[in-house]
Amino acid sequence: MIYFLVIDCVLFYSAWCRPKQSKVLYTTAIIVLWFLIAFRNIDLGGSDAQVYQEWFHTAVPKLLQFEWNPFVFQREIQDKWGFGWLFTLLASVIKTIVPTYEFFQVIYVTLSFGILILIIEDMQLKQQEKGLFLFAYLSQQMIWFFCVLLRQNLANLVVWFVLEHKFKKHALIKKALLLYLATLLHTSAYIAIAAIIALWVIRKLPARKIVPGSLLIGVI
């Protein structure tokens, strides 16, 4: 954990540097952070890490044996292991290429970092603000999500991307499709979808109706 603490300090410091210095520190922190998480000991993560490894080695098929029907998959496989269709498909593709959990971990972390970087870019933050944002994210939940809650992490990142990205054409269709894909990664995405719908409804309401409703929900 001392390594993550040092990176956190570097990110916080980058928020107070000039833009060029901040960019160098931010980029370096991203690369080192990716390396530490991608190549960490596969047993780090408690009992969840053991479950993921057992699932990968015993339940994830090679691509030729994969069940392509999400509904059949849910009935025959997901109900037993709790792993979503799309997350299993990702693991199946990786296992077909290199059948080791270490390789799966590297690809998974790389994909997660790629989506996170896209999200940060979509936020249109100043260079120093990027470092401060990543400092806050790393300080609160990044390690927990990237190293333990793997399925939830990818689903949350996809939902987060939908919220931040400015789609130029067919925005509603693209958002709906991505949110559906998030549910195939982990069912917790349904909660996020409900929250997005609630947020959309709240934004349509006048302020005089929002305040009493918020107070009522807070009291309950």
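Anchor point for the sequence shown: position 24 equals 1006 in the numbering used here, and the numbering is continuous, going up by one each time.
Built from N, CA and C at the ideal position, the CB exists for glycine as well.
Here the structure is a predicted model, which means the values were calculated and not measured.
Extent of the continuous alpha helix (DSSP H) run through residue i
i, result
"residue 1185", "1171-1186"
"residue 1104", "1083-1104"
"residue 1133", "1132-1146"
"residue 1151", "No alpha helix (DSSP H) holds residue 1151; DSSP gives it neither H nor E."
"residue 991", "984-996"
Distance CB(residue i)-CB(residue j) smaller than 8 angstroms
i, j, result
"residue 1203", "residue 1153", "The structure shown does not extend to residue 1203, since the chain is modelled only from 983 to 1202, so the question has no answer here."
"residue 1091", "residue 1128", "yes"
"residue 1020", "residue 993", "no"
"residue 1052", "residue 1159", "no"
"residue 1131", "residue 1094", "no"
"residue 1037", "residue 1055", "no"
"residue 1114", "residue 1141", "no"
"residue 1044", "residue 1005", "no"
"residue 1048", "residue 1136", "no"
"residue 1097", "residue 1112", "no"
"residue 1134", "residue 1168", "yes"
Three-state class that DSSP yields for residue i in the structure shown
i, result
"residue 1035", "helix"
"residue 1025", "coil"
"residue 1107", "coil"
"residue 1080", "coil"
"residue 1113", "helix"
"residue 1164", "helix"
"residue 1050", "coil"
"residue 999", "coil"
"residue 1044", "coil"
"residue 1065", "coil"
"residue 1056", "helix"
"residue 1122", "helix"
Distance cut-off 7 angstroms: residue i Cβ against heavy atoms of the ligand PLP
i, result
"residue 1014", "With respect to the ligand PLP, the structure offers nothing, as it holds no ligand at all."
Neighbour flag for residue i against chain C, beta carbons, 8 angstroms
i, result
"residue 1047", "The question asks about chain C, but that chain is absent: this structure has only one protein chain."
Presumed contact (8 angstroms Cβ cut-off) between residue i and residue j, rounded CB distance
i, j, result
"residue 1074", "residue 1042", "6 angstroms"
"residue 1024", "residue 1119", "That pair is no contact at about 23 angstroms."
"residue 984", "residue 1015", "14 angstroms between Cβ atoms; not a contact."
"residue 999", "residue 1106", "Going by Cβ atoms, the distance from residue 999 to residue 1106 rounds to 20 angstroms, so no, they are not a contact pair."
"residue 1143", "residue 1181", "Actually they are not in contact, since the Cβ atoms of residue 1143 and residue 1181 sit about 16 angstroms apart, beyond 8 angstroms."
"residue 1125", "residue 986", "6 angstroms"
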